[in-house]
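In my numbering, the protein residues as written are 43 to 249.
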């Protein structure tokens, strides 16, 4: 009936909005984590290069080897400062990662729906539910000709609750943790971490 189709379309639009919101938040988190990765690389001590083996028969094999460049002592104040700052950066990255993994599964690269490495998270659950309510996908039959079931609507509300919680954590991170972290970076003459331009995704509207 027309009312069934309207209910299905309304739910599909709601799921689509949720997918867009989750994608936006994950993209913002990835942008921040990429900046943290650059800072981590800058702060880590350089890896020691393995000594190259001389090629047999080289004419200059008897020449004295050049002295290696002096490395910064790990006990120097500068090295200790970098080590402490590195710990702070790594802790912040883990905090962001924890929020991100509430929205998207770490094993999302395993695209086969039959390969259940771990429980799905909000994003993949929304994709699956979109197929269930809509025209199907993969091994999901779909139900576009029927109104969404109570179970499907309950599932959507549960997913939206998870999204709301993770989004609230991220907004708190942007409001409190990121400014505090940037003050530390500024004190250490390190470039600040910048949030994406639109870093306030819409909360799921729900019913």
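Just so it is clear, CB atoms sit at the ideal spot from N, CA and C, and this is done for glycine as well.
Nearest to residue 138 by alpha-carbon distance, out of 193, 85 and 209, is 209.
If you compare the alpha carbons of 84, 199, 122 and 70 with that of residue 216, the shortest gap goes to 70. Going by C-alpha positions, residue 62 is about 19 Å away from residue 74. Counting C-beta pairs with one atom in each stretch, the stretch 124–136 and the stretch 45–55 have fewer than three that are closer than 8 Å, which means they do not touch. Contact annotation: the stretch 74–89 touches the stretch 224–242, with at least three C-beta pairs closer than 8 Å. Between the C-alpha atoms of residue 202 and residue 218 there is a straight-line separation of about 24 Å.
By the CB criterion at 9 Å, residue 145 and residue 205 fall inside the cutoff.
Taking the C-beta atoms as reference points, residue 164 is found no nearer than 9 Å to residue 80.
Residue 89 sits in coil when the DSSP states are folded into three classes, being neither helix nor strand. Residue 223 and residue 143 have their C-alpha atoms some 21 Å from each other. Around the Cβ of residue 67, a 10 Å sphere holds 16 or more other Cβ atoms; the residue is buried.
Residue state for residue 206 is assigned as helix, using DSSP reduced to three classes. Within the model, the alpha-carbon separation for residue 121 versus residue 89 is close to 14 Å.
In its own chain, leaving out the 5 sequence neighbours on each side, no residue places its CB closer than 7 Å to the CB of residue 45. Listed in chain order, the alpha helix (DSSP H) elements of length 4 or more contained wholly in the stretch 218–243 are 220–229.
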